[in-house]
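Colleague:
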Amino acid sequence: MAAGLAVIYLPLLLVLINSLNRDRSFAWPPTGLTTEWWARAWQSEGARSALLTSLRAGAGATLVALVLGTMTAFAVQRYRFFGRHAVSFVVILPIALPGIVSGIALNAAFRTVLGPAGIGFGLLTVVIGHATFCIVVVFNNVIARLRRLSPSAEEASADLGADSFQTFRYVTLPAVRAALLAGGLLAFALSFDEIVVTTFTAGPGVQTLPLWIYANLARPNQAPVVNVVAAVLVLLSVIPVYLAQRLSADTAGGRL
32 MAAGLAVIYL PLLLVLINSL NRDRSFAWPP TGLTTEWWAR AWQSEGARSA LLTSLRAGAG
92 ATLVALVLGT MTAFAVQRYR FFGRHAVSFV VILPIALPGI VSGIALNAAF RTVLGPAGIG
152 FGLLTVVIGH ATFCIVVVFN NVIARLRRLS PSAEEASADL GADSFQTFRY VTLPAVRAAL
212 LAGGLLAFAL SFDEIVVTTF TAGPGVQTLP LWIYANLARP NQAPVVNVVA AVLVLLSVIP
272 VYLAQRLSAD TAGGRL
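Residue 32 is where the sequence shown starts when you use this note's numbering, and the numbers rise one by one after that.
1. Relative to the alpha-carbon of Gly234, which residue among Leu154, Gly130, Leu99 has its alpha-carbon at the smallest distance?
2. How is the alpha helix (DSSP H) around Asn172 delimited, first residue to last?
3. Using DSSP with H/G/I as helix, E/B as strand and the rest coil, what is Leu128?
4. Determine the DSSP secondary structure at Leu64, reduced to helix, strand or coil.
5. Would you tell me roughly how many angstroms separate the C-alpha atoms of Gly91 and Pro271, rounded to the nearest one?
6. What are the start and end residues of each continuous beta strand (DSSP E) run of 3 or more residues lying completely inside the region 90–128, in chain order?
7. Under 8 Å, do Val257 and Ile244 count as touching if we go by C-beta distance?
8. From Leu128 to Gly160, what distance separates their C-alpha atoms?
9. Within 10 Å of its beta-carbon, does Ser76 have 16 or more other beta-carbons around it, so buried, or fewer, so exposed?
10. Output yes or no for whether 8 Å exceeds the beta carbon distance between Val144 and Val237.
11. Tell me which residue opens and which closes the alpha helix (DSSP H) that Ser183 is part of.
12. Measure the alpha-carbon distance for Gly134 versus Glu225 and round it to whole angstroms.
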């Protein structure tokens with residue numbers, strides 16, 4: 032276990048240390064420590080613009096995933112209809128497909144469907160592309176919570192005279208709220224650091240933070256700034272994943 036964790040996290044630790052490296056290259060060990068590159072990264076217009084684009088794309092994809100993933104989870108768990116298991120399989124499938132396959136498929140679909148309508152590649156296509164796999168994490172979190180939720184509370188609410196909307200607002204929503212938050216955070220984290228699907232759906236005018244890192248990685252003068260941006264990307268990805276893990280643990284333990 033220790034060896035496995037070292038393989039995963041030591042490279043991330045090196046990225047964080049290199050962001051403070053006084054040397055302009057990726058040389059190891061560091062010749063000294065400095066925070067100069069962090070200040071330069073903040074002053075980089077391209078990095079700030081890419082960060083804003085990633086935040087907008089992540090927020091859009093998360094919103095779409097929350098709506099569609101939650102509706103699908105309720106439909107699959109609460110109703111019995113022909114093809115119910117097939118729907119579950121189709122919803123989960125995108126997370127298992129290689130990113131490059133999904134990217135190529137989405138690129139062809141956008142050219143065929145959106146192209147004739149005059150809608151080109153941009154932030155909208157990125158949001159749609161990210162939502163295809165973000166829906167999975169929301170769906171899995173919500174349906175797992177619904178499976179543990181006893182219908183007796185909803186039945187009691189209906190017996191007391193509450194209509195469907197009131198029952199959902201006062202009984203069902205509080206019960207699945209933690210699962211929704213956990214799924215939303217995981218969806219945002221997945222969207223924020225996605226690069227393969229983004230490459231095929233972004234178009235020339237849209238550059239997310241991972242795309243900015245990839246484009247500047249081969250430029251020697253940008254190496255220190257790239258290290259800083261990569262460190263920021265790691266930190267911003269860890270926070271929602273940690274919060275989602277805590278929320279999922281609370282949900283599993285029955286605490287809301």
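Built from N, CA and C at the ideal position, the CB exists for glycine as well.
Modeller: Let me spell this out:
1. With distances taken between Cα atoms, Gly234 lies closest to Leu154.
2. Per DSSP, the continuous alpha helix (DSSP H) segment holding Asn172 begins and ends at 154–179.
3. Here Leu128 carries a coil assignment [DSSP, helix/strand/coil].
4. Leu64 falls in the strand class under three-state DSSP.
5. The straight-line gap from Cα to Cα measures roughly 16 Å.
6. Complete beta strand (DSSP E) runs here, min 3: none at all.
7. In this structure, Val257 lies near Ile244, with their beta-carbon atoms less than 8 Å apart.
8. Rounded to whole angstroms, the gap between the alpha carbons of Leu128 and Gly160 is 13 Å.
9. Here residue 76 is Glu; the residue named in the question, Ser, does not match the sequence. Per the 10 Å Cβ criterion, exposed.
10. Contact check for Val144 against Val237 fails: the beta carbons are separated by 8 Å or more.
11. It spans 183–190 - the alpha helix (DSSP H) in which Ser183 sits, taken as one unbroken run.
12. Computed Cα separation, rounded: 11 Å.
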